[in-house]
Structure formats: C-alpha cells, structure tokens
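Chains as they are written, first to last, in the working numbering: chain A, 14 to 346; chain B, 14 to 346.
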DNA sequence: TATAATTGCACAATCGATTGTGCAATTTAC
DNA sequence: GTAAATTGCACAATCGATTGTGCAATTATA
C-alpha cells in the first residue's frame, strides 16, 4: 500500500494524505473531517510510508552507521547494545559493520555507509590509520574508545592513562618490581595511553620498580596466550602481568594454567576491562572497569550535538579499579 | 556529486553514465571510448551513486534486518558477528535491533525494519509470541535459535533436546540422582526442548534418577543466581545443577561461591552454551557447545535460498558435549 | 451587493537513480 | 548509389514520498 493508493481510495490527492499523516493538517488547513477520514483509512489499511522514498525526498535517513572492530568482544558488544538502545530512543536505527580490526574493512565499511547516506557515524576505529576518517567531512562522526590526537574528530574514551597508572602503582605497592605488560594493538590510542600510564608509574617508583617490559601486539586471546608463554620462559620471569584488555587476560590465564603456575602466588595478574566472570575465577581477577554505559550514552549524545550543529568537547571518562585476589602481597623473587 | 552532475560534466545524458557505471555498456552499445571517459570522470570525482535513490528505483535495499534479544549476551554477539561478516560477503548490510527479550520491542523492531524495506529478516525472536512474525508474508525471514513449531517459518537451531539429554545422562551416569535444572525463558523452543531432553534422560534412568526439578524463568545472570540460592536452601538440595545457558551458569556459580560451597564436591554444574573462559575456571566447567558459526552461516544461506525463491528445510545442528571438571563422580548424599 | 479575506484542497516539481524505447548517424550489403 | 542493418546515445517515465504555490469555494467585511 502506497500513499497514492490510499489517496485514490479516499478520492483525494496524495498531498492531503501526506500532510495529514505527517501531522501538518493544521499548518496546511486540512479540515478536521478530512483529516479524520485519512487517519481512519490509514489505520484500517495498516499503511506505513515507504521509508526509502521519504529518505530520498527528505535527504535524511534516520540511520546511524556503527563501526566496531569486533562485535564478539564483550567490550564492544556491550557498547553496541547501549548505543543501539540509546539511538532507538531517538528514532534512529543502526547499520552495523564489524571490521575484524582490519583497516581495509574499516575503509570499505565507511564508504558503504556513506553511500547509504547515514546521518551520522559512530566509529570505534581500528586506530592505526585515520586518513579515510578525516576525508569524510560530509557526515558527523564521533569516535569511540580509540581516537586520534590532534585530528579534530570528536571522541569519547576511557581515561586509559589514569587506569593503567592506578593498576601499575597498585602492583608496585604490593612489592612487585618486575611487571610485564601485554599490549593490544600498538599505535592505537588506548594502548599507547595505557602504556604511558604503566611507564609513568614504573618511573615514579623507580627505586622499587625494576624495568619496563612490553610484549604483544593484539587485543586477542591468542596474543595473551603467546605473549605470556614468552614472558614465562624468560630467564628472569616477571612477578606480575598487566594485560591490556579482557581477551589478553583470558589468554594469559590460559597460558599460566597450562604451564602449571598459580595466580597469585607464582604470578600476579591485572586486566584492563572488567567482565562479569572475573569475580568468579579462582582467584578472582583484579581489573580496571571501563564505564561502558557512560561511554555509549555519551557517544550518542555527542553525535546528536554535532548533528544539531553544536560544538562538542571530547569526553574522557574515568575507569574504576576493582581490587580482587589475583595479586600477591609478597612476590617471591 | 550526483549522476546528473557527472553527466553534465561529461556532456552526456545520465542514461549513458548510469549504464556504464552499472556495467551495462555492452548491452546498450555504449562505445568503449565513451565508457572509458565516464569511468575516468567517475573515479576522479570519487563518484558513488546514492544508494537511497537506487533502492527506491530498484525496489531493493540490499539490507537485512537482524533482530536479537540481547547483543550483550556473548552467544548472540558471536552469532551477530558471523551473520554480519557472512552477509557482507554477499553485499548486504545489516540493520541491527536489540529487543531486550521484550516482545513489544520485537514487534516494534519488525515494523520499523519492514518500513525500511529490508530485503530479508534474520530473527532470534523472544519466542513467546509469534503472531506478529507470521503476519509478515512480504519479506523472507529465517528464525535463529528460538522458533515456533508448526508455524511454517523456516529456522535454524541447535539440537537442544539432544544436548540436554546428553548432559543429563552424563550426570546420572556419574551417580547423580537429584538434578535440578534452571530454566531460561519458559515457553521458548530452546528452553522447552532442553527441558524435554532433561526429562527424558531422567525418565530413561528412572531407577537411579530421583526427581525432576525445574526452577527459574529467564536467560539472565540474576535468574541463575536467585534460582541457585533457592535450590540450595531446599531441605533436600540437588547434587547437580544443569544451567540452561551461559548467563544462568554464571549466576549459579556466583551463588554457589557466595554460599561457600565448592564445585564439584559439594555441587556439580553443567552449562548449556560454551564460553572461552569456562576452561579457565577452577574447576573448569563442563558445557554443551552450540555450533555458533554453523548456525550463523546456515541462517544466512537459508535466507538467501528463500530470497531466491527456493524451498528450504529447517536446520537442526548438533551441539558438542565438552567434559571438564565441574561434575563429581560420587555425589555425597 | 460587491469586494476582500479565509478555508480547503490539488497540481506538479523534486529527491537521484534506472530503463524501455526512439531516433539520428554511421556502416554494411547488394 | 540506395536500402537495410547496426551503432551510439538521449528522452522521458518511474520508484513513493514531500511541499511551494495556486486556485476555487466559502465566509467575512463594508
């Protein structure tokens, strides 16, 4: 059923029908009697306007593109959920793209979404390249989680530096000197800022902290696993590992278990990212919880401000340190 | 940049430009020289056709609606990922809707997606109501995970009966008589089939199995937690709990830990659904792994068959039982 | 009663692509 | 050299909505 058919059935012009159905009957002086007839007919026929046609005419799709590196990572899955629900409240739908942390796929996703004339973009970029992102000046965009310093694209992220500093200091306070850090994707903002926080803490406590050790290069279970195996085969093994996301932590635990070491006695562990099961592990896992819901909400409201032509300021939200049982007080070596 | 502007710049008709850019230059006898000029101009101007206009003209959006009860549940997040990547290969994009396991939101999502003229629908329904789903006869649909018996909507699901039967038999074999089952959403197909598998096993081994006990009514951590507390405060507590999804299992573990009992000595646990961290728990958690990727792939290819007008047969895929350490051999009572 | 103001609605253009058909210009056939 | 066939491209309609403007019919004003 199209508006034309509806108009024919009512013996009116499509103009009148459209104006009633878009609530403009007052503005265009459609009589209440006519308006009522239109509404009645529309409901009995279950008429719903063709959104494609509207989009074309109105030059607006009420669609937001959401680009995510890995929707199977619970961090992003939760983010996606908040974003979707928040956008729905504002009458937008989301076109989802998973980039598998590949810049190529991200570039492709971007141009596909632009071709579909999304009204806005919410992007958790891979974070290694940014040129394709700044090329788009046409549609408003807000970055989530990973961003680019000085590139003038608004973003919302966790205070990664703060979180990492806090976690590392905690380890040093507990007597750890040799703390290894397993990185995510190098060169991406969260990773670099976490590294900076880690390094700063190591430096601030340099009388006690031994040396800086960075390994790994991916936000994956596999990287956590391999890097941990590597670390634990070193002549001088670290007494604590700082895993820069939940997947790395998972891989690390797997390796530690396989090697037969015990957390926290043989080795301590802290994860950046919180997961519901962390408290159930034995021992429970000390973690830095990112304010996921706040990030999602903020990203959406920032995007709307940009859509409304307002200026926005980037948001950096504080994470929360959750102390549990995966860190010893007295590391052996 | 529109095709019209491009045509003006080339001093040609939009017809010719369109035909070249859609690869129909042969069919409509556009000279190679002209075609080459068009292509060159298109690339220098970075021309990309307005998909909205194409969609309207072609009556096809190359968009699939994906309706999911809870994208933050790793089961569905993984599913969504497979589906998204698989659809992208076939040049479709996905409009995502999260229904929070609420039928109302599902109905709303459905009509929004239909209004947007999606070419097809992949729905993991809440599963309690189906009328709104069968009302849609216009666009092809495939159900995932939860389905409706005899309602003639094609689906792909795990063999829940089989999985539950296997898990329950395993518990009985290990000497458990009093096995409680914490349900997900009652009345939904996976839940009912798992229950049937559980009951059948209990019945088949009735000399040894004691009685059937069903509690709970949600696929949530909270339900797992509350139901477990309830079970463990019974005069005659079960020796094993069968949790009907990963979230329930998580809640159950939380409750068990809080009460101070030990798995598996005090109580055994099996989860329907596998998660990467299950093997890292102490003890590691015995689980039934659903063939997630296969489900996603199958759903997509089934949808395409429907789109191509073929007949499809429902797919019921076998899960895999993964024995770990969360079940004792000799339950005490 | 004649004129002005208001009411109530429809015509037709528009958004940006695609496509059936028609018509010169060129080439081929005889 | 003329008719027929082929080549190369453009006109205009179409998809389904929205909207500036215009024009009767009705009501108000003087």
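Think of the CB as a built atom: it goes at the ideal place given N, C-alpha and C, for glycine as much as any other residue.
Check                                                                                                                                                                        : Outcome
In the DSSP output, what is residue 294 of chain B paired with across the bridge?                                                                                            : In DSSP, residue 294 of chain B forms no bridge with anything.
Do you know how far the Cα of residue 312 of chain A is from the Cα of residue 154 of chain B?                                                                               : 32 Å
What residue does the alpha helix (DSSP H) around residue 307 of chain B start on, and which one ends it?                                                                    : 305-320
Can you give me the C-alpha to C-alpha distance between residue 62 of chain B and residue 230 of chain B, rounded to a whole angstrom?                                       : 49 Å
Scan the segment 94-123 of chain A for residues whose Cβ lies nearer than 8 Å to a Cβ of chain B and list them as they occur along the chain.                                : 94, 97, 98, 101, 106, 107, 108, 109, 110, 111, 113
Closer than 7 Å, Cβ to any Cβ of chain B: which residues of the segment 230-262 of chain A, in chain order?                                                                  : 234
Taking only the alpha-carbon atoms, compute the straight-line gap between residue 270 of chain B and residue 244 of chain B and give it to the nearest angstrom.             : 14 Å
Check whether chain B comes within 9 Å of residue 299 of chain A, counting only Cβ atoms and requiring the distance to be less than that.                                    : no
Mind pulling the chain B residues with CB within less than 8 Å of residue 128 of chain A?                                                                                    : 61, 62, 63, 64
Would the beta-carbon of residue 198 of chain A fall within 9 Å of that of residue 114 of chain A?                                                                           : yes
Would you mind telling me which residues of chain A sit closer than 9 Å to residue 68 of chain B, beta carbon to beta carbon, in chain order?                                : 65, 68, 69, 129
With burial defined as no fewer than 16 other Cβ atoms inside 10 Å of the residue's Cβ, what is the status of residue 281 of chain A: buried or exposed?                     : buried
For chain B, is any of its Cβ atoms less than 9 Å away from the one on residue 354 of chain A?                                                                               : Nothing can be reported for residue 354 of chain A, as the shown portion of chain A is limited to 14 through 346.
Assign residue 316 of chain B to one of two classes, buried (16 or more other C-beta atoms within 10 Å of its C-beta) or exposed (fewer than that).                          : buried
Could you give the C-beta distance for residue 210 of chain B and residue 163 of chain B, rounded to a whole number, given that I count them as a contact under 8 Å?         : Actually they are not in contact, since the Cβ atoms of residue 210 of chain B and residue 163 of chain B sit about 20 Å apart, beyond 8 Å.
Interface residues of chain B around residue 354 of chain A at Cβ under 8 Å?                                                                                                 : The first residue shown for chain A is 14 and the last is 346, placing residue 354 of chain A beyond what the model contains.
Helix or strand or just coil, what does DSSP make of residue 154 of chain A?                                                                                                 : strand
Verify the CB distance criterion: does residue 146 of chain A have a CB-CB separation below 9 Å to chain B?                                                                  : no
Using a beta-carbon distance below 9 Å, is residue 85 of chain B in contact with chain A?                                                                                    : yes
With a threshold of 9 Å between beta-carbons, can residue 343 of chain A be considered close to chain B, or not?                                                             : no
Hey, could you find the ends of the alpha helix (DSSP H) residue 247 of chain B is sitting in?                                                                               : From DSSP, residue 247 of chain B is part of no alpha helix (DSSP H); its letter is neither H nor E.
Report all residues from its chain with a CB closer than 8 Å to the CB of residue 141 of chain B; omit the five preceding and five following residues, and keep chain order. : 116, 198, 200, 201
How is residue 191 of chain B classed by DSSP in three states: helix, strand or coil?                                                                                        : strand
Could you pull the DSSP bridge partners for residue 341 of chain A from this structure?                                                                                      : BP columns for residue 341 of chain A are empty, so no partner.
Given residue 347 of chain B, which residues of its chain have a CB within under 7 Å of its CB, disregarding the five upstream and five downstream residues?                 : With chain B covering only 14 through 346, there is no way to say anything about residue 347 of chain B.
Where in the segment 92-170 of chain A do unbroken runs of the beta strand (DSSP E), each at least 3 residues long, occur, reported from the N-terminal end onward?          : 106-111, 133-136, 154-157
Quick one: using the 10 Å Cβ neighbour count with 16 as the cut-off for buried, is residue 107 of chain A buried or exposed?                                                 : buried
Could you give the residue range of the beta strand (DSSP E) that holds residue 302 of chain B?                                                                              : 299-302
Near residue 325 of chain A, which residues of its chain fall below 7 Å by C-beta distance, leaving aside the five closest residues on each side in sequence?                : 167, 315, 318, 319
Need the endpoints of the alpha helix (DSSP H) that residue 176 of chain A sits in, please.                                                                                  : 173-186
For residue 91 of chain A, which option in B:87, B:92, B:94 has the closest C-alpha, if you only look at C-alpha atoms?                                                      : B:87
Going by C-alpha to C-alpha distance, which of A:22, A:111, A:72, A:26 sits closest to residue 53 of chain A?                                                                : A:22
Name, please, each residue of chain A whose Cβ falls closer than 7 Å to the Cβ of residue 289 of chain B.                                                                    : 234, 263
Answer with yes or no whether the minimum CB distance from residue 227 of chain B to chain A is below 9 Å.                                                                   : no
Could you compute how far the alpha carbon of residue 104 of chain A sits from the alpha carbon of residue 284 of chain B?                                                   : 38 Å
How would you label residue 35 of chain A, buried or exposed, when you count the other beta carbons within 10 angstroms and need 16 or more for buried?                      : exposed
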